[in-house]
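Working notes, structure below.
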Amino acid sequence: MSSYIGQSVKRLEDKRFLTGKGHYTDDIILPQQTYAYIIRSPYAHARIVKIDISAAESAKGVVAIFKGKEIADEGIAGVPCGWQVDFKNGETMKEPPHPLLVVDKVRHLGDGVVVVIAESKAEARDAAELVEIEYDVLEAVIDPKKAAQAGAPLVHEDCPNNMCFDWELGNPKADVDAAMGKAHHVTSLEFVNQRVIPNAMEPRAAIGDYQVATDKYTLYTSSQNPHLIRLLMCAFVLGIPEHKVRVVSPDVGGGFGSKIFHYAEEALMIWCSRKLERPVKWTSDRSEAFLTDAHGRDHVTEAKMGFDADGKIMALRVNTYANLGAYLSTFAPAVPTYLHGTLMQGLYTTPLINIDVTATFTHTTAVDAYRGAGRPEATYLLERMFDLAALEMNVDPAELRFKNFIPAFDGVEQEGYQTQVALQYDSGDYEPVLKRALEMVGYDKFRAEQAAQSNGKLLGIGFSTYIEACGIAPSAVVGALGARAGLYESAQVRVQPTGKVSVFTGSHSHGQGHETTFAQVVADKMGIPLEDVDIVHGDSDSVAFGMGTYGSRSLAVGGSAIVKSIEKVLEKGAKIAAHLLEANPDDLDYAEGKWTVKGTDKSVGFGDVSLTAYVPHNYPEGLEPGLDFSSFYDPANFTYPFGAHIAIVEIDKETGKVDLKRFIAVDDVGNVINPMIVDGQIHGGLAQGIGQALFEGAIYDDTGQLINGSYMDYCMPRADDLPSFEIDRTVTPCPHNPLGVKGAGEAGCIGSTPAVVNAVVDALWKGGFKVKDVAMPMTSQRVWTAMQSETV
Amino acid sequence: MELKGRESFKATREQIWEILMDTPTLARITPGISRLEKIGDNAYDAIADVKIGPVKASFKGKLTLTDITENDSFVLNVTQNSKIGNVAAKVGLNLVNEGLNQTALAFEGKANFSGTLAGKGARILSGVASSLTKQFFASLAEEIEARDFPEAKPEITQNNSNVNLHSMSHEIKMFLNGKEQHVTVESRDLLVDVLRDKLRLTGTHVGCDTSSCGACTILINGKAVKSCTMLAVQADGTTVQTVEGLATAEGFHPIQEGFKEEHGLQCGFCTPGMMMTAVDLLQRNTNPSEHEIREALEGNFCRCTGYHNIVRAVQHAAAKM
Ligand code: FES
Ligand code: FES
């Protein structure tokens with residue numbers, strides 16, 4: 000009987016945040032702590048001619064000043080990449096070093112050059128003003144396609160044409176092209192999926208603390224991924240012994256992908272602390288965050304989709320240039336390939352698909368996973384093409400989707416769906432989500448209203464039916480795809496002698512509410528009160544190992560590891576209970592916190608069994624004392640949430656201003672443990688996806704200056720930019736994990752962006768403007784300009 | 000009964016002090032006073048006529064001033080007797096510098112009643128007290144206007160190149176979350192840094208360097224202010240409330256309850272600033288519409304919630320307040 004799973008239990012972690020007692024990295028001040036300020040390049044591409052630190056060295060409060068050379072002289076090359084995607088011809092991916100501080104050349108605006116360490120934040124800054132750096136400015140390249148052209152300035156001398164790798168997936172190009180040639184209608188689209196900046200509200204921070212007396216290192220860092228940071232930093236960057244290093248990610252103020260990666264500043268703080276034998280803290284400014292947090296998206300794409308006379312898709316051909324920025328961030332190569340190319344099947348029966356990706360370096364900030372990572376780009380492509388094809392063929396976009404959906408399969412009775420692009424979907428039932436969304440929107444009524452609209456505004460509706468692959472993932476599969484790590488998760492369930500339960504999970508919560516959701520699972524599975532469960536995460540000294548939180552994997556993978564450990568606890572508990580009850584373990588039932596001999600009222604409670612495990616006086620022979628189990632769970636497959644999103648917009652004809660009137664989202668994320676938290680995840684994802692469609696986008700000029708690198712210039716959605724969302728869900732359980740869950744963290748962000756763009760194009764088209772595309776973000780200026788050039 | 004109030008006046012502390020120490024003027028501007036006579040150092044005989052509910056009574060007794068710090072503060076002790084009962088009160092008065100030509104008169108204290116008066120009920124008595132206070136403040140403002148004090152001019156300090164303005168330190172005093180707080184700050188210290196690093200109130204966050212995100216929002220003299228936009232020295236003499244001061248011994252403030260009940264927070268980073276902004280809104284508008292809530296919160300970024308549940312949280316609090 001389940002009393003917590005499925006309930007909107009209020010969050011157990013809230014109290015500390017609501018009373019100002021959260022504990023973020025920048026809140027920590029250690030004894031003897033010093034403060035680091037990193038001097039960063041004001042140019043995108045330049046040779047360093049001279050660095051003069053003499054005036055700064057004698058400034059008040061300065062403890063030390065380090066340059067890249069001192070680090071390089073110790074043989075430290077920089078931070079590594081965690082994923083390898085080789086060239087089509089088998090050549091190894093280009094992997095230029097990513098130094099902690101550069102030695103002779105800066106490669107993007109904000110590249111770290113010098114670190115100044117002082118007794119206070121202000122003194123570090125004052126001294127930094129006195130450092131003189133002379134640069135010889137060089138030409139820069141910003142666009143990923145131009146970067147690959149002959150004669151483009153090189154980011155790294157040993158990467159010809161700025162190529163990191165090229166890659167292809169799916170059916171042979173010849174087959175796809177042949178089918179395209181026979182198509183009744185071909186829809187083509189060239190577009191940019193623009194670069195966005197994650198902007199978690201807590202800027203990154205790191206404190207390195209080396210204690211000479213114990214030869215131990217502690218890194219406090221605002222990360223989604225403490226164990227992986229420890230592994231990468233110890234083994235691949237600094238060469239320090241992993242067992243002497245503790246990494247703590249305390250409360251973390253949002254991540255959205257940008258805090259998965261191992262950043263140079265983390266290793267730099269540990270390196271500096273070892274030099275100084277004092278703690279060193281660095282906290283990013285927002286302006287610095289704009290330049291140094293890994294960015295997201297930035298694809299330049301051409302695509303063609305061929306349909307037969309019935310509106311069935313015959314073929315899809317995609318060509319993408321992916322911008323990786325100046326250096327390879329931890330998971331960067333995976334994003335445009337295995338998280339993007341593999342999603343080209345969408346929810347549709349497309350028989351022939353080919354995708355070709357060229358990944359290039361440019362003089363910009365590194366690009367890596369940002370909420371959705373690759374899957375939003377894939378969804379954007381498919382869903383934009385669908386609405387565009389519907390418009391071109393003059394059919395209803397919803398009807399066109401119904402015609403092409405993969406039929407329902409549950410992954411148990413019916414096999415999973417094998418796509419043309421490597422993945423096998425676990426379970427899916429796609430029609431109901433779109434039907435429900437149409438019902439919520441009142442589709443027929445809307446179209447009538449749209450036709451009657453006459454107030455100087457243009458009404459439009461846009462659709463998106465998406466699938467994503469998350470809960471990443473089976474280690475063997477990702478290993479075959481180039482991951483240099485496994486992607487399992489660990490969990491330890493420690494029953495205390497009094498029957499209270501501490502759970503140590505390798506997943507990391509930075510807003511997702513694991514402390515509540517996981518506790519719900521544990522309390523239900525063990526039949527104990529919620530208050531008796533404590534979830535511990537984010538500290539490598541207490542949690543055995545962890546692969547961290549990203550890719551909507553915490554519940555599907557981390558939660559499953561917890562369930563495995565609970566099973567072990569209950570199995571051993573049954574042996575102890577059987578001994579106490581003088582029965583056979585097989586004759587016992589476990590429910591509501593006690594073991595009962597079947598068909599009798601003889602029972603023993605969980606608390607008594609726990610105590611007996613630690614005070615084993617009357618105890619089964621040969622059984623070890625204690626009740627404490629660890630598990631590692633390696634999933635059998637990815638999970639595949641899906642959904643239907645509908646946007647309704649109104650455009651002011653005079654100004655081109657887009658007003659998002661309604662947003663309807665029906666998502667299927669498998670089983671749901673806490674509906675309130677899942678809804679919250681969807682809301683947040685929607686805001687970010689809508690943000691990309693309407694407001695956000697990094698703007699680099701030709702010299703590589705980020706001209707909107709602050710909140711004064713980079714437009715992120717505010718409370719009055721968004722409507723309240725209308726959301727609902729269907730439930731198609733995941734067949735291959737014990738909780739039947741699929742993951743909800745990214746769904747909102749993956750589905751929403753194309754729905755908004757489709758709605759704008761629909762409004763313009765129905766309003767008589769022959770506009771087939773508007774570039775994101777769809778500012779008033781862009782929409783207005785489109786209206787001027789394309790009037791009927 | 001607790002007595003508490005605060006009002007700002009266009010005058011310097013010295014000018015207001017002058018009025019408060021001038022017996023005839025004080026007798027004139029204090030409501031109900033029919034006689035005020037100095038009977039010794041800082042002691043007065045007083046007769047006051049006050050209407051309490053339907054009853055009008057004449058009070059007779061003594062006022063004494065203790066703990067006097069010139070131009071700054073004193074404690075007023077009152078014992079008054081009448082046929083409907085006796086009053087004994089002790090009230091601390093404080094002149095708070097709010098800037099050039101701007102001073103607040105703040106008082107805080109306790110009054111005890113005996114006799115029939117005590118049976119009048121706290122609501123009636125505090126109603127009387129607050130209407131008397133209002134009248135007094137209004138007359139004081141008139142008096143200040145009438146006296147037409149010369150305006151104080153900013154002090155011009157010589158620019159001495161040996162003085163490092165950055166490291167000039169000042170001792171400031173705030174009423175922080177209900178308590179008097181002294182702290183030494185540098186001229187250039189931002190209030191948010193002083194709160195976080197010096198006073199270790201780390202619930203107030205820093206999310207940007209352009210005054211755009213609202214993570215640092217606190218209440219100063221009851222109004223929402225971005226504490227990254229204010230120098231610490233500017234907070235001298237003000238009443239400051241941070242997220243740490245929201246909950247009381249009785250439990251959560253309604254806004255905290257709203258955020259919890261409606262899942263208005265995820266990572267929690269924007270939450271303190273968001274709640275302080277919402278409190279400011281709810282003080283001005285007890286029943287805001289969704290549109291008004293969204294407008295009021297537009298200076299605060301949240302990257303986690305999409306604002307949907309934050310709106311619900313504020314509505315929840317509005318219903319409770
Ligand atoms: S820290 Fe962003 S507004 Fe103050
Ligand atoms: S809850 Fe994370 S920024 Fe608002």
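First to last, the sequence lines map onto chains A and B.
Mapping of the first sequence onto numbering that gives the first Met the number 0: position 522 corresponds to residue 521, and the numbering continues sequentially without gaps.
Mapping of the second sequence onto numbering that gives the first Met the number 0: position 106 corresponds to residue 105, and the numbering continues sequentially without gaps.
We treat Cβ as the ideally placed atom computed from N, Cα and C, and that holds for glycine.
- For LYS652/A, there is no enclosing alpha helix (DSSP H), as DSSP marks it with neither H nor E.
- Under a 10 Å Cβ-count criterion, ILE460/A is classified as buried, with 16 or more other Cβ atoms of the shown protein chains found around its own Cβ.
- Listed in chain order, the positions of the stretch 232-252 of chain B with a beta carbon within less than 8 Å of a beta carbon of chain A are THR241, VAL242, GLU243, LEU245, ALA246 and PHE251.
- Spanning the alpha carbons of ALA43/A and PRO732/A requires a straight line of approximately 48 Å.
- Take the alpha-carbon of SER553/A and the one of ILE27/A: they are about 27 Å apart.
- For ligand 1, a non-hydrogen atom lies closer than 6 Å to the CB of VAL205/B.
- Taking a Cβ-Cβ threshold of 7 Å, none of the residues of chain B is close to PHE445/A; the smallest such distance is about 22 Å.
- Residue pairing by DSSP puts MET162/A in a beta bridge opposite THR359/A.
- When secondary structure is reduced to three states using DSSP, LEU62/B falls in the strand class.
- In this model, GLU122/A and GLY60/A are separated by some 6 Å (Cα to Cα).
- In the three-state scheme derived from DSSP, where H, G and I count as helix and E and B as strand, PHE662/A is classed as strand.
- Using a 10 angstroms sphere on the CB of VAL411/A, the tally of other CB atoms stays under 16, which defines it as exposed.
- In this structure, DSSP gives CYS207/B a state outside helix and strand, which the three-state scheme calls coil.
- Here the alpha carbon of HIS513/A sits roughly 32 Å from the alpha carbon of THR418/A.
- Around the Cβ of LYS258/A, a 10 Å sphere holds 16 or more other Cβ atoms; the residue is buried.
- GLN265/B has its Cβ nearer than 6 Å to a heavy atom of ligand 2.
- Ranked by how close their Cα comes to the Cα of ALA560/A, the residues GLN687/A, ASN736/A, ASP651/A and LYS660/A have ASN736/A in first place.
- For GLU179/B, the pairing in a beta bridge is given by DSSP as PHE174/B.
- Looking at the backbone, the Cα of ILE354/A and that of PRO496/A are separated by about 57 Å.
- For LYS37/B, there are no C-beta contacts with chain A under 8 Å, since the nearest C-beta of that chain is about 49 Å from it.
- Of all residues in the stretch 282-300 of chain A, only ASP284, ARG285 and SER286 come within less than 7 Å of chain B when Cβ atoms are compared, listed by chain position.
- Beta-bridge partners assigned by DSSP to TYR639/A: none are found.
- For HIS307/B, the neighbours in chain A by C-beta distance under 7 Å run, in chain order, HIS682, SER723 and PHE724.
- Taking 9 Å as the upper bound on Cβ-Cβ separation, chain B lies near residues SER7, LYS9, ARG10, GLU12, ASP13, LYS14, ARG15, PHE16, LEU17, THR18, GLY19 and LYS20 of the stretch 1-20 of chain A.
- Against MET675/A, the close residues of chain B are HIS262, in the order they occur along the chain (beta-carbon pairs closer than 8 Å).
- For the stretch 500-512 of chain A, the set of positions with a beta-carbon nearer than 8 Å to some beta-carbon of chain B reads HIS509, GLY510, GLN511 and GLY512 in chain order.
- Boundaries for TYR42/A: no alpha helix (DSSP H) harbours it, and the DSSP string shows neither H nor E there.
- Closer than 7 Å to the CB of ARG34/B there is not a single CB belonging to chain A.
- Note that the C-beta distance between GLY696/A and VAL782/A is not below 7 Å.
- ASN707/A and ARG194/A have their C-alpha atoms spaced approximately 12 Å apart.
- Closest option to SER210/B, judged by alpha-carbon separation, among ARG146/B, ASN299/B, GLU1/B and HIS307/B: ASN299/B.
- When the beta-carbon positions are compared, SER564/A and SER501/A stay at least 7 Å from each other.
- Taking 7 Å as the CB threshold, CYS266/B lines the interface with chain A.
- DSSP places ASP44/B outside any alpha helix (DSSP H); the residue lies instead in the beta strand (DSSP E), whose first and last residues are 42-51.
- For PRO287/B, none of the residues of chain A pass the 9 Å Cβ criterion, the least Cβ distance being about 12 Å.
- Considering only VAL175/A, VAL48/A, ALA117/A and ILE52/A, the residue with the shortest C-alpha distance to VAL136/A is VAL48/A.
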